[in-house]
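Numbering of the sequence shown is given in the numbering used here, commencing with residue 131 and proceeding in unit increments. Where a beta carbon is used, it is the ideal one built from N, C-alpha and C, also for glycine.
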Amino acid sequence: MNFEFILVEPAIEKHIALVRLNRPKELNALNLQLMGELRDALKSLDDNDEVRVIIITGNERAFAAGADIKQMAGKTAIDMLQIDQFSTWDSIRKTKKPLIAAVSGFALGGGCELSMLCDMIVASENAKFGQPEIKIGVMPGAGGTQRLTRAVGKARAMEMVLTGNFINAQEALSYGLVNRVVPEELYLDEAIKLARDIAAQSPIAVQMAKESVNKTYENHLQEGLFFERKNFYMLFASEDQKEGMAAFVEKRKPDFKGR
Ligand code: HXC
131 MNFEFILVEP AIEKHIALVR LNRPKELNAL NLQLMGELRD ALKSLDDNDE
181 VRVIIITGNE RAFAAGADIK QMAGKTAIDM LQIDQFSTWD SIRKTKKPLI
231 AAVSGFALGG GCELSMLCDM IVASENAKFG QPEIKIGVMP GAGGTQRLTR
281 AVGKARAMEM VLTGNFINAQ EALSYGLVNR VVPEELYLDE AIKLARDIAA
331 QSPIAVQMAK ESVNKTYENH LQEGLFFERK NFYMLFASED QKEGMAAFVE
381 KRKPDFKGR
């Protein structure tokens, strides 16, 4: 499998595949091409009988710092609707095999959402999670308002989504967002260890069990995702979105007007 923005190892060890997000200079910002590649890789690994568990990781500095702001900055609400990037996310969500996110550094915006779309998260001590979209004049669009609220509860999700402030790995652990926190040099090994424990089980039982846990976790999720998506698109009709994203690109503070 040859991709530009991800690296795929179908067998990092027996039955365990590794997908590495690989745009290091941009802190693995999730542009449309990267997400399309991730969708295609996961589909292929899901169809591969040798693979039982899939780990998604980034690098030490960033799992992913969000959707690519530079790619989105000039878009209108109708552009966003027509680009329909979330159909890619919907395909990824249909992966039958367990997905483990191995997170070091920034997991922000779409990066935090991607980690939450995985079934489990192993975090390095230096991991930082956040939904900072509000700081660039928009809001989460790929499940942040839905999955974060389910994972950490309303009060904490509300604070993270409305302030855009990050939480560190220990906070993420105490909030129940991540499964475990380990020293930076061990986060990938720890994810592999967890994958090994799962890969030793019956693949068909694992698949059914994942589907069953998601049955309750995803109860009403689809309606929430759809609602969030529409609000996210609508914000691309605002001046504040243009100002917020231009300010990020120009490395200055945004001046929001509420229009
Ligand atoms: C595009 C990004 C980016 C992003 C970082 N970069 N995040 N480019 N989109 N989301 C680029 C920077 O512009 C910079 O490029 C390079 O990566 C290194 O980043 P720096 O900002 O110089 O690093 P640092 O000072 O260490 O700050 C790290 C950071 C900051 C705190 C993570 O980069 C940041 O705030 N990033 C944006 C986080 C964010 O708002 N995420 C949400 C996006 S919206 P140059 O060329 O200057 O070297 C979103 C919506 C999801 O995710 C819904 C749809 C899927």
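- Task: Run the CB neighbour count on M250, radius 10 Å, all protein chains shown included, and call it buried at 16 or more, exposed below.
- Result: Counting from 1 along the sequence shown, the entry for residue 250 is found at position 120. So M250 counts as buried.
- Item | P333: first and last residue of the uninterrupted alpha helix (DSSP H) it sits in | Your numbering for residue 333 matches position 203 in the sequence shown. Segment P333 to Y347, the alpha helix (DSSP H) holding P333.
- Query: By a C-beta neighbour count over all protein chains shown, 10 Å radius and 16 as the cutoff for buried, is T187 buried or exposed?
  - Reply: As a first step, residue 187 is located in the sequence shown; it is residue number 57 there, counting from the start. Counting Cβ neighbours within 10 Å, T187 comes out buried, since at least 16 surround it.
- Does the Cβ of G188 lie closer than 7 Å to at least one heavy atom of the ligand HXC? Sequence index remark: in the sequence shown, residue 188 carries index 58 (1-based). False, no ligand heavy atom lies under 7 Å from that Cβ.
- Does at least one heavy atom of the ligand HXC sit under 7 Å from the Cβ of G239? Residue numbering aside, residue 239 sits at position 109 when the sequence shown is read from its first letter. Because some heavy atom of the ligand HXC lies under 7 Å away, the Cβ of G239 counts as near it: yes.
- Message: Taking 8 Å as the threshold (C-beta atoms), are T279 and A272 in contact?
- Response: Looking up residue 272 in the sequence shown gives position 142. Looking up residue 279 in the sequence shown gives position 149. For A272 and T279, no; Cβs fall outside 8 Å.
- Buried/exposed call for K155, threshold 16 Cβ in 10 Å: Reading the sequence shown from its first residue, position 25 is the one you call residue 155. Flag for K155 reads exposed.
- Item | I213 versus K360 - alpha carbon distance | Counted from its first residue, the sequence shown places residue 213 at position 83. Counted from its first residue, the sequence shown places residue 360 at position 230. Spanning the two alpha carbons is a distance of roughly 13 Å.
- Helix or strand or just coil, what does DSSP make of P313? Position 183 of the sequence shown, counting from 1, holds the residue named residue 313. DSSP places P313 in coil when its eight states are reduced to three.
- Starting from the C-beta of V312, find all residues in its chain whose C-beta is less than 6 Å away, skip the five residues before and the five after it, and write them out in chain order. In the sequence shown, the residue the question calls residue 312 occupies position 182. Here the set comprises E320.
- Message: Pairs of beta-carbons, one from the stretch 172-182 and one from the stretch 195-212, closer than 8 Å: are there three or more?
- Response: no
- Item | Burial state of M290 (16 or more Cβ within 10 Å) | Counted from its first residue, the sequence shown places residue 290 at position 160. The residue is buried, with at least 16 neighbouring Cβ atoms inside 10 Å.
- Nearest to L211 by CA position, among F386, A367 and A377, is which residue? For the purposes of this step, residue 211 is taken as residue 81 along the sequence shown, with counting starting at 1. Nearest option by C-alpha distance: A367.
- Item | Close beta carbons around N161, own chain, < 6 Å, minus the five adjacent residues each side | Indexing the sequence shown from 1 puts residue 161 at position 31. These residues qualify, in order along the chain: D198 and Q201.
- Query: Helix, strand or coil for M131 per DSSP?
  - Reply: The sequence position of residue 131 within the sequence shown is 1, counting from 1. If DSSP states are grouped into helix, strand and coil, M131 belongs with coil.
- Query: Can you give the Cα-Cα distance for I264 and K227, rounded to whole angstroms?
  - Reply: Along the sequence shown, one-based indexing puts residue 264 at 134. Along the sequence shown, one-based indexing puts residue 227 at 97. Approximately 33 Å between the Cα atoms of the pair.
- Measuring CA to CA, which of R277, K323, V308 and I266 is closest to N295? Within the sequence shown, residue 295 is the residue found at index 165, counting from 1. Among R277, K323, V308 and I266, the Cα nearest to that of N295 is on I266.
- Message: Considering only their Cβ atoms, is the gap separating I136 from L164 smaller than 8 Å?
- Response: Numbered from 1 along the sequence shown, position 34 holds the residue referred to as residue 164. Numbered from 1 along the sequence shown, position 6 holds the residue referred to as residue 136. Closer than 8 Å, so yes.
- Item | Buried or exposed (CB count within 10 angstroms, at least 16 for buried), N158 | Numbered from its first residue, the sequence shown carries residue 158 at position 28. N158 comes out buried.
- Item | For I230, the residue or residues it bridges with in DSSP | Position 100 of the sequence shown holds residue 230. Answer is I185 and M250, bridged to I230.
- Where does F236 sit, in a helix, a strand or coil, going by DSSP? In the sequence shown, counting from the first residue as 1, residue 236 sits at position 106. Here F236 sits in strand by DSSP.
- Message: What does the Cβ neighbour count give for M269, buried or exposed, with the cut at 16 atoms within 10 Å?
- Response: Residue numbering aside, residue 269 sits at position 139 when the sequence shown is read from its first letter. Flag for M269 reads buried.
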